[in-house]
Amino acid sequence: MNPGALWSGNVKAAIASLRRSKTRSFFTMLGVIIGVCSVVTIVSLGVGLKNQVSGQVQKLGSNVLTIRSGQLVDRSAAGAIRGVNLLAFFNTSTLNDNDIRSLNRLSSVRSVIPIDFVTSSARGDSGRSDDLVVIGTTAELAEALNLQLDYGSFFANDSGLNQAVIGTAASQRLFKTRNAFAHTVSVGGSNFVVRGVLTASSGGLLSFGQTDFNSAIFIPYPAAYKLTNGQVNLSQILVAAKPGVDLDTAINDIRRVLTRNHRGGQDFTILKQKELLDVSNRVVDNLTGFISSIAAISLLVGGIGIMDIMLVAVTERTREIGIRKAIGATNRQILNQFLTEGLVLSVAGGLIGVITAYLINLLLRLYTGLHPVITLPVVLAAIGVSLAVGIIFSGVPALKAARKLPIEALRGE
0 MNPGALWSGN VKAAIASLRR SKTRSFFTML GVIIGVCSVV TIVSLGVGLK
50 NQVSGQVQKL GSNVLTIRSG QLVDRSAAGA IRGVNLLAFF NTSTLNDNDI
100 RSLNRLSSVR SVIPIDFVTS SARGDSGRSD DLVVIGTTAE LAEALNLQLD
150 YGSFFANDSG LNQAVIGTAA SQRLFKTRNA FAHTVSVGGS NFVVRGVLTA
200 SSGGLLSFGQ TDFNSAIFIP YPAAYKLTNG QVNLSQILVA AKPGVDLDTA
250 INDIRRVLTR NHRGGQDFTI LKQKELLDVS NRVVDNLTGF ISSIAAISLL
300 VGGIGIMDIM LVAVTERTRE IGIRKAIGAT NRQILNQFLT EGLVLSVAGG
350 LIGVITAYLI NLLLRLYTGL HPVITLPVVL AAIGVSLAVG IIFSGVPALK
400 AARKLPIEAL RGE
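Everything in the sequence shown is counted per numbering that gives the first Met the number 0, starting at 0 for the first residue and increasing by one.
The structure is reproduced here in structure tokens:
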């Protein structure tokens with residue numbers, strides 16, 4: 000019999016064997032299903048996030064610099080980014096209002112755009128919401144991030160402190176309508192008139208974790224400063240260099256001023272457009288890899304489950320093994336039979352895991368601002384890992400079955 004027919008026969012026999020104990024087979028596959036689903040979902044979220052960040056970075060003008068708190072990157076002597084310090088992203092912000100004022104006085108700078116996160120609830124006609132993002136900023140943010148509005152316009156710096164721009168989700172939550180233009184929203188006890196409503200978007204660049212603009216409320220920076228009694232939480236500052244000014248000149252000016260303000264400390268990072276994309280991608284890759292490695296533990300558990308159930312199967316089918324060997328089955332044929340059963344379990348679990356991840360991604364796209372992307376290499380890698388799990392963890396039971404002597408197998412029964 001040719002190898003293809005033998006393999007096909009083994010697969011059919013394996014499927015028939017697994018069907019006889021459907022519940023046990025399903026729970027055996029469960030670890031692989033959860034592991035593959037988790038890893039594929041996490042990786043697809045990472046790919047989608049990188050695509051979103053890339054799209055947002057492309058919207059930034061090439062003359063816009065990003066200043067972040069902390070030493071986020073490790074640079075070579077030539078200034079190239081060699082690595083990213085993930086822990087620095089979680090440190091308390093070192094940027095302050097004095098930095099804003101100093102940067103505004105630089106001759107090489109056209110505009111300074113603070114990003115001040117305000118911890119406060121918001122209240123509209125439909126009640127109060129505690130899960131909206133309140134951001135203090137300036138009018139130049141709209142141009143820097145190319146923000147589009149469905150209704151109204153972005154507030155101007157000279158239009159007063161009681162102006163606000165909100166996202167579509169914030170508009171629905173606070174006012175039960177997509178068009179909240181001219182409505183009044185209360186933030187921290189202060190009233191703001193909604194001057195504009197943003198077009199629905201897939202995220203923003205206000206943090207490397209992406210702030211959901213749909214659930215954001217933008218208010219003038221001076222108003223945010225007043226609300227917090229000067230206790231600003233500047234996650235970052237965007238700085239637009241003047242036309243014709245070399246970016247390196249602007250960077251040197253900014254570094255000099257901030258170093259002086261921070262008493263010689265280099266507790267900040269200045270990033271160009273391409274560097275911002277590079278750092279963002281590295282952060283996403285590192286976090287995706289770390290979380291995926293934790294999720295992959297489920298695959299290890301699933302593999303152990305397969306090995307355990309296959310060892311039980313070998314014991315239960317001792318007489319079958321003895322009879323097959325007595326009528327001429329070779330060790331290799333017995334090995335292939337049990338190995339195939341383990342492979343069918345793991346690959347079936349992998350396929351179900353991929354399908355489950357796809358369904359989860361659809362739900363995430365429908366009900367969140369996330370846009371996960373499942374790519375062919377990720378699917379192939381998931382199936383490949385499932386194959387490897389099947390081979391590795393069903394190998395021991397298959398060898399045990401193959402090495403049984405016919406007389407001992409029949410006597411054992």
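Cβ atoms here follow ideal geometry from the backbone N, Cα and C, with glycine treated the same way.
Alpha-carbon to alpha-carbon, residue j and residue i
i    : j    : result
G394 : R23  : 19 Å
G208 : F26  : At G208 the pLDDT is 49, less than 50, meaning the model places this residue with poor confidence and gives no usable figure here.
G302 : E142 : 53 Å
Q51  : T367 : 14 Å
L379 : V38  : 13 Å
I250 : I390 : 55 Å
F392 : F174 : 57 Å
T65  : L298 : 40 Å
R74  : L246 : 18 Å
S107 : L386 : 59 Å
D252 : R172 : 43 Å
N190 : V42  : 42 Å
V10  : A76  : 59 Å
P242 : G60  : 11 Å
K399 : R81  : 50 Å
V372 : K49  : 10 Å
D129 : Q235 : 23 Å
D284 : L160 : 40 Å
L275 : K225 : 30 Å
T93  : T248 : 23 Å
V83  : L270 : 12 Å
G348 : A295 : 14 Å
V31  : F337 : 18 Å
V244 : S110 : 13 Å
N228 : G187 : 12 Å
C36  : T314 : 31 Å
R45  : I293 : According to the sequence shown, residue 45 is Gly rather than Arg. If you take the alpha carbons of G45 and I293, they lie about 15 Å apart.
N145 : K58  : 6 Å
M0   : T40  : Confidence at M0 is low in this model, with a pLDDT of 49, below 50, so its placement is unreliable and the value that follows should be read with caution. Near 42 Å, if we compare the C-alpha coordinates of T40 and M0.
R402 : F289 : 41 Å
L105 : I351 : 59 Å
K21  : A312 : 14 Å
I326 : I14  : 23 Å
Extent of the continuous beta strand (DSSP E) run through residue i
i    : result
P371 : Element bounds for P371: n/a, residue is neither H nor E.
P219 : 215-219
Q70  : Looking at the DSSP string, Q70 is not in any beta strand (DSSP E), and its letter there is neither H nor E.
S125 : Taken as a continuous stretch (DSSP letters only), S125 belongs to no beta strand (DSSP E), as it is neither H nor E.
L233 : 233-240
S110 : 108-117
Member of the options whose CA lies at the smallest distance from the CA of residue i
i    : options                : result
I216 : A240, A181, V132       : V132
Q55  : G263, V196, L140       : L140
L85  : K271, G69, N260, F174  : G69
V231 : R402, V384, N95, S43   : N95
R254 : L17, T268, V72, A79    : T268
T91  : V300, D266, L105, V72  : D266
K273 : N62, D284, A87, G288   : N62
S291 : S16, L29, M28, I33     : I33
L369 : G47, S20, L144         : G47
R194 : P219, G188, D211       : P219
M413 : G341, P376, P396, A401 : Nothing can be reported for residue 413, as the shown portion of the chain is limited to 0 through 412.
N103 : G78, L237, R127        : L237
R316 : A397, V117, V300       : A397
Integer-rounded CB distance, given that residue j should sit under 8 Å from residue i
i    : j    : result
T137 : I165 : In fact, because the Cβ distance is near 17 Å, the residues do not count as touching under 8 Å.
A222 : G135 : 7 Å
A163 : S170 : That belief does not hold up - the Cβ atoms of A163 and S170 are roughly 11 Å apart, past 8 Å.
K308 : V346 : The sequence as given places Ile at residue 308; Lys does not occur at that position. I308 to V346, Cβ: 15 Å. No contact.
T167 : L197 : 7 Å
L17  : L344 : 7 Å
Alpha helix (DSSP H) segment containing residue i, residue limits
i    : result
V174 : In the sequence on display, residue 174 carries Phe and not Val. Note, F174: alpha helix (DSSP H), 167-174.
S200 : Run containing S200: none; DSSP gives neither H nor E here.
F26  : 21-58
G451 : Given a span of 0 to 412 for the chain in the structure shown, any question on residue 451 remains unanswerable.
R177 : Neither: R177 is in no alpha helix (DSSP H) and is coded neither H nor E.
S292 : 272-294
I320 : 317-325
A143 : 139-143
R100 : 96-103
Beta carbon proximity, residue i to chain D, threshold 9 Å
i   : result
L71 : Among the protein chains of the structure shown there is no chain D, as only one such chain exists.
Just checking, does the stretch 83-102 make contact with the stretch 169-183 on the three C-beta pairs under 8 Å criterion? no
Would you check if the stretch 302-316 and the stretch 349-358 touch, i.e. whether three or more CB-CB distances between them fall below 8 Å? no
Count the C-beta pairs between the stretch 318-333 and the stretch 115-125 that are closer than 8 Å, then say yes if the count reaches three, no if not. no
Specify whether the stretch 362-379 and the stretch 267-287 touch according to this definition: at least 3 beta carbon pairs, one from each stretch, less than 8 Å apart. no
Report yes or no: do three or more beta-carbon pairs, one from the stretch 143-158 and one from the stretch 252-266, lie closer than 8 Å? no
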